[in-house]
Amino acid sequence: MVSPFEVLEVDEDADDATIERAYRERVKQAHPDQGGTLEEFQLVRRAYRELDERDRSGGGNGDATDPADIDLDDDDGAGAEAKPVRVEFLDYEVLGDYGWSLDDEDLFRKASHADLDDDEHGRLLVQPDESLLEGAENRGFGWPFSCRGGACANCAVYVVEGELSQPANHIMPDDLAERGFRLSCNGYPVTDELKIVFNVKHRAELDDLILPPGPFTRR
Ligand code: FES
Numbered sequence: 001m002v003s004p005f006e007v008l009e010v011d012e013d014a015d016d017a018t019i020e021r022a023y024r025e026r027v028k029q030a031h032p033d034q035g036g037t038l039e040e041f042q043l044v045r046r047a048y049r050e051l052d053e054r055d056r057s058g059g060g061n062g063d064a065t066d067p068a069d070i071d072l073d074d075d076d077g078a079g080a081e082a083k084p085v086r087v088e089f090l091d092y093e094v095l096g097d098y099g100w101s102l103d104d105e106d107l108f109r110k111a112s113h114a115d116l117d118d119d120e121h122g123r124l125l126v127q128p129d130e131s132l133l134e135g136a137e138n139r140g141f142g143w144p145f146s147c148r149g150g151a152c153a154n155c156a157v158y159v160v161e162g163e164l165s166q167p168a169n170h171i172m173p174d175d176l177a178e179r180g181f182r183l184s185c186n187g188y189p190v191t192d193e194l195k196i197v198f199n200v201k202h203r204a205e206l207d208d209l210i211l212p213p214g215p216f217t218r219r
């Protein structure tokens, strides 16, 4: 039996902050680009989701299953399948048209009320084995990219809500990563929901990280 606590390597009485810290660390270690496997990566995500759901349902009181009794090895168990991630997206180019700023807290509410095209603002599902860019492409969207290998910022997105993994050996400087800039070609969603602005390669601070147009560059 493998409980969510074992997967995240925390004590059963760990508080929320400890669980959150452990999750961020474990999800990095388990990432396929860091030497982990997709199965391990999904297991860590599922462990965190189980604990998060316990939290939302009132801390394991009443009829809720004690997370220590959940066996993540049990493929017949509820929620054994990693679920797709819901992503709400917005095209950065729209912000200039409407005079919106990237750090506007109401950005997505404004986008919902504007008459935007389906490829400018909308929602898509990213499957557990897809990077964010692959998820968008497989749902028919043409988001920008170039190298697809972590060596440019042509595929960059800005994370407004949620978490997108960032593998080692990426080009994104720490200060931009801390502000929420990520690469979509090798970033995997690690929360159940994401809100992102794509096409942010047009931001001035990413100018030096952009590859010029080439045969394999989109937009
Ligand atoms: S396309 Fe170059 S890092 Fe993603």
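Using full-length UniProt numbering, you'd call the opening residue of the sequence shown number 1 and step up by one each time.
Quick reminder that beta carbons are idealized off the backbone N, C-alpha and C, glycines included.
Just so it is clear, the structure is predicted and the values come from calculations on it, not from any experiment.
* Considering G122, what are the terminal residues of the beta strand (DSSP E) in which it resides? -> 121-126
* To do: Would you tell me roughly how many angstroms separate the C-alpha atoms of A17 and D52, rounded to the nearest one?
  => Whole-angstrom Cα-Cα distance: 12 Å.
* Grouping DSSP H, G and I as helix and E and B as strand, with all else coil, what is Y188? -> In this structure, Y188 counts as coil in the three-state DSSP scheme.
* From which residue to which residue does the alpha helix (DSSP H) around D91 run? -> Counting along the chain, D91 falls outside any alpha helix (DSSP H), though it belongs to the beta strand (DSSP E) covering 85-91.
* Give the DSSP-derived three-state secondary structure of L164 in the structure shown. => strand
* **Burial state of Q29 (16 or more Cβ within 10 Å)** => exposed
* Which residues in the same chain have their Cβ closer than 6 Å to the Cβ of D91, if we skip the five residues on either side of it in sequence? -> E120, N199
* To do: Locate the beta strand (DSSP E) running through I19, then write down its first and last residues.
  => Note, I19: premise wrong, no beta strand (DSSP E); alpha helix (DSSP H) at 16-30.
* Mind reading off the beta-carbon distance from R179 to A156? Whole number of angstroms is fine, and I expect it under 8 Å. => Actually they are not in contact, since the Cβ atoms of R179 and A156 sit about 11 Å apart, beyond 8 Å.
* To do: Kindly confirm or deny that the stretch 163-177 and the stretch 136-146 touch, where touching means at least three C-beta pairs closer than 8 Å.
  => no
* Asked: Okay, do the stretch 123-133 and the stretch 185-193 touch, 3+ Cβ pairs below 8 Å being the bar?
  -> yes
* Count the CB pairs spanning the stretch 33-51 and the stretch 66-73 that are closer than 8 Å, and state whether there are at least three. => yes
* Just the C-alpha distance for L102 and E193, rounded to the nearest angstrom, thanks. => Distance between L102 and E193, taken at the CA atoms: about 19 Å.
* For V159, the nearest candidate out of G35, D11, E105, Y98 (CA to CA) -> E105
* Delimiting residues of the beta strand (DSSP E) encompassing R182 -> 181-183
* To do: List the residues that DSSP assigns as beta-bridge partners of K195.
  => E88, E161
* **Extent of the continuous alpha helix (DSSP H) run through K110** => 107-113
* Mind checking whether V27 and V44 have CB atoms under 8 Å apart? -> yes
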